[in-house]
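Following the working numbering, the numbering of the sequence shown begins with 22 at its first residue and continues without gaps.
For every residue, glycine included, the Cβ atom is placed at its ideal position computed from N, Cα and C.
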Amino acid sequence: MSEDRALSKLEASFAGELVQAGNGAYDEHRAVWNGSIDRRPALIARCTSAADVSAAVTFSRRTDLPLAVRGGGHSFPGHSVCDDGVVVDLGPMNGIDVDLDAGTVKAEAGVLLGELDRKTQAHGLAVPAGIVTHTGLAGLTLGGGIGWIQRKYGLTIDQLLSVDLITAEGEPVRASEAENPDLFWGVRGGGGNFGVVTQFEFRLNPLGPEVVAGPVFWPIEESPNVLRFYRDWIAAAPDDLMTIVIHRKAPPLPFIPPELHGKPVVAIVCCYAGSVEEGKEAVAPLKAFGSPVLDLCEPKPFLEHQAMFDPSFPHGQWYYMRACDVAELTDEVIDITVEHAMRIRSPLTAFPIWQMGGAISRVGEGETAFSGRGAGHTFNITAATAGSEGFDEEREWVRNFWSALEPHQTGGTYVNFLMSEGEERVREAYGAEKYERLKALKRRYDPDNLFRLNQNIPPD
Ligand SMILES: Cc1cc2nc3c(=O)[nH]c(=O)nc-3n(C[C@H](O)[C@H](O)[C@H](O)COP(=O)(O)OP(=O)(O)OC[C@H]3O[C@@H](n4cnc5c(N)ncnc54)[C@H](O)[C@@H]3O)c2cc1C
Numbered sequence: 022m023s024e025d026r027a028l029s030k031l032e033a034s035f036a037g038e039l040v041q042a043g044n045g046a047y048d049e050h051r052a053v054w055n056g057s058i059d060r061r062p063a064l065i066a067r068c069t070s071a072a073d074v075s076a077a078v079t080f081s082r083r084t085d086l087p088l089a090v091r092g093g094g095h096s097f098p099g100h101s102v103c104d105d106g107v108v109v110d111l112g113p114m115n116g117i118d119v120d121l122d123a124g125t126v127k128a129e130a131g132v133l134l135g136e137l138d139r140k141t142q143a144h145g146l147a148v149p150a151g152i153v154t155h156t157g158l159a160g161l162t163l164g165g166g167i168g169w170i171q172r173k174y175g176l177t178i179d180q181l182l183s184v185d186l187i188t189a190e191g192e193p194v195r196a197s198e199a200e201n202p203d204l205f206w207g208v209r210g211g212g213g214n215f216g217v218v219t220q221f222e223f224r225l226n227p228l229g230p231e232v233v234a235g236p237v238f239w240p241i242e243e244s245p246n247v248l249r250f251y252r253d254w255i256a257a258a259p260d261d262l263m264t265i266v267i268h269r270k271a272p273p274l275p276f277i278p279p280e281l282h283g284k285p286v287v288a289i290v291c292c293y294a295g296s297v298e299e300g301k302e303a304v305a306p307l308k309a310f311g312s313p314v315l316d317l318c319e320p321k322p323f324l325e326h327q328a329m330f331d332p333s334f335p336h337g338q339w340y341y342m343r344a345c346d347v348a349e350l351t352d353e354v355i356d357i358t359v360e361h362a363m364r365i366r367s368p369l370t371a372f373p374i375w376q377m378g379g380a381i382s383r384v385g386e387g388e389t390a391f392s393g394r395g396a397g398h399t400f401n402i403t404a405a406t407a408g409s410e411g412f413d414e415e416r417e418w419v420r421n422f423w424s425a426l427e428p429h430q431t432g433g434t435y436v437n438f439l440m441s442e443g444e445e446r447v448r449e450a451y452g453a454e455k456y457e458r459l460k461a462l463k464r465r466y467d468p469d470n471l472f473r474l475n476q477n478i479p480p481d
């Protein structure tokens, strides 16, 4: 069908906004979180309902225009925007419905993590999700979802009860343990390969609302000792305790004393998902180690802790990232980490090392499409610059660091932390067996690979 005719048909049924070049809001809606991505779609379909999503998917099929799906727009490689194609933008679909009797929450696919936390924390409840409040719930969940309470409550998908989805044919389908269980297996880690999710339903879990959480900082020269202490300390950590290690130059934020600004530091950031009293006891050994230059690990609202990283990862900076899992922080891994952390140039670069394990590792590897439940730590080697200046050098730093870690990697990588690294890396991330199962599912639900702007699992 011609593009003009297909557009007239779409306009007749579409309740949301259709944005094209020349429209005032075009630049705002085509921009994604990673400022290094600059693409110009032919049409941005700002959907308000599952019917709108179905109409936009049908438009893409009719015109053969490439289709990108946008939840929160945080894909590191920019998969949620494309040149000369259609963007199915779920941003306006941000309804959240907490059902206290059932202990569940339904969230539409345009919801951001901070919005979900605000609604659930009002009742002292939470869904385990990520660590930056402006990340999209949709993309994060479909890849797995790691965050501050993962060791207690598992991945985001471990609390997922059902999804409503629009297929490549434009048809609505529900997937849960009871309905289309094969599809439900696939959407829990398989990304957006099988359709556009319009709504998620999660189980709720008690949390806070006050928790013991926050970072303890040491000068970067202390990092070899801090990391060795940290490794031994977390060996016996309860599931309530989750930690992330950060190396960076201390940012000029209001809660950081001016004399530290720009100084390279190592920080261990904690979040204790149990009672405040137990939390204080659990973090006491960390706070007592060596001579921290700043200690912000204290009782605070979980919502405040959730927003802690927001200023470090704002929209529009240029970002590049490579990730990998390692089993343990061996002496060699620590030495490589410190050596490369010392070489960080950009004041905006900050890289997290995630503590994994706990509840995540007690779900069977085959139960969901997510891979890497046995990982000890996930390295998220992220570089950031304000713009193009210095970006190539910082990207080279990421690549060198990742390569140095190669002998120590498990081979698994969290798919939401992949760049555009090619099919072989996607296969490696899932492992050969799971990848074949995902391919079979793809042949069933999207044989023409309409949904290919993602960590793609081609059907053939
Ligand atoms: C600042 C920052 C912090 C992060 N922190 C965490 C973290 O704490 N934990 C964690 O697990 N991950 C984290 N991530 C990674 C994050 O999970 C992925 O970037 C994720 O894809 C973001 O989802 P989104 O909806 O914002 O992204 P988008 O860019 O909108 O989408 C990402 C991918 O998902 C697809 N997609 C989006 N919505 C749908 C849908 N409704 N149906 C089908 N496909 C869809 C898109 O097509 C695209 O391929 C972080 C990323 C950033 C940039």
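For Ser197, no alpha helix (DSSP H) run applies; the uninterrupted beta strand (DSSP E) run containing it begins and ends at 193-197, by DSSP. In this structure, Asp331 and Ala294 do not form a Cβ contact; the two beta carbons are roughly 20 Å apart against a cut-off of 8 Å. Counting only unbroken stretches of 4 or more residues, the alpha helix (DSSP H) elements lying wholly within the region 347-428 are 352-362, 412-426, in sequence order. Beyond the five residues adjoining it in sequence on each side, Gly93 comes within less than 6 Å, by CB distance, of Leu133, Thr156, Gly157 in the same chain, given in chain order. Scanning its chain for C-beta atoms nearer than 8 Å, with the 5 sequence neighbours on each side dropped, one finds around Val447 the residues Val436, Leu439, Tyr456, Gln476, Asn477, Ile478, in chain order. Using a Cβ distance threshold of 9 Å, Glu319 and Ala234 count as a contacting pair. A distance criterion of 8 Å places the beta-carbon of Trp206 beyond contact range of ligand 1, judged by its closest non-hydrogen atom. Three or more beta-carbon pairs separated by less than 8 Å link the region 206-217 to the region 384-396, which places the two stretches in contact. The beta carbon of Cys103 sits closer than 7 Å to those of Arg60, Pro62, Pro87, Ala89, Leu474, all from its chain and outside the five residues before and after it, given in chain order. With contact defined as three or more Cβ pairs closer than 8 Å, the region 371-381 and the region 253-273 are in contact.
Val184 sits away from His144, with the two beta carbons spaced by 9 Å or more. Closest in C-alpha terms to Glu299, from the list Ile355, Ile277, Gly229, comes Gly229. Taking C-beta atoms as the reference points, Leu471 and His398 fail to come closer than 9 Å.
The beta carbon of Val153 sits closer than 8 Å to at least one heavy atom of ligand 1. Around the beta carbon of Asn44, fewer than 16 other beta carbons sit within 10 angstroms, so the residue counts as exposed.
Of all C-beta pairs linking the region 306-313 to the region 399-413, fewer than three are shorter than 8 Å, placing the two stretches out of contact. With 16 or more neighbouring CB atoms inside 10 Å of its own CB, Pro149 falls in the buried class. In this structure, the CA atom of Ala71 is about 18 Å from the CA atom of Arg83.
Collapsing the DSSP output to three states places Glu38 in a strand. Two segments are said to touch when three or more pairs of C-beta atoms, one from each, lie closer than 8 Å; by this definition the region 282-296 touches the region 241-249.
Asn246 carries a helical assignment under DSSP once its states are collapsed to helix, strand and coil. Thr370 is positioned such that its CB atom lies no closer than 9 Å to that of Ala344. If the five residues before and after Pro313 are omitted, its C-beta is found closer than 8 Å to the C-beta atoms of Val237, Phe238, Trp239, all from its own chain and listed in chain order.
According to the DSSP assignment, Val447 belongs to the alpha helix (DSSP H) that extends over 444-451. Among the bridge pairs identified by DSSP, Thr264 is matched with Cys291.
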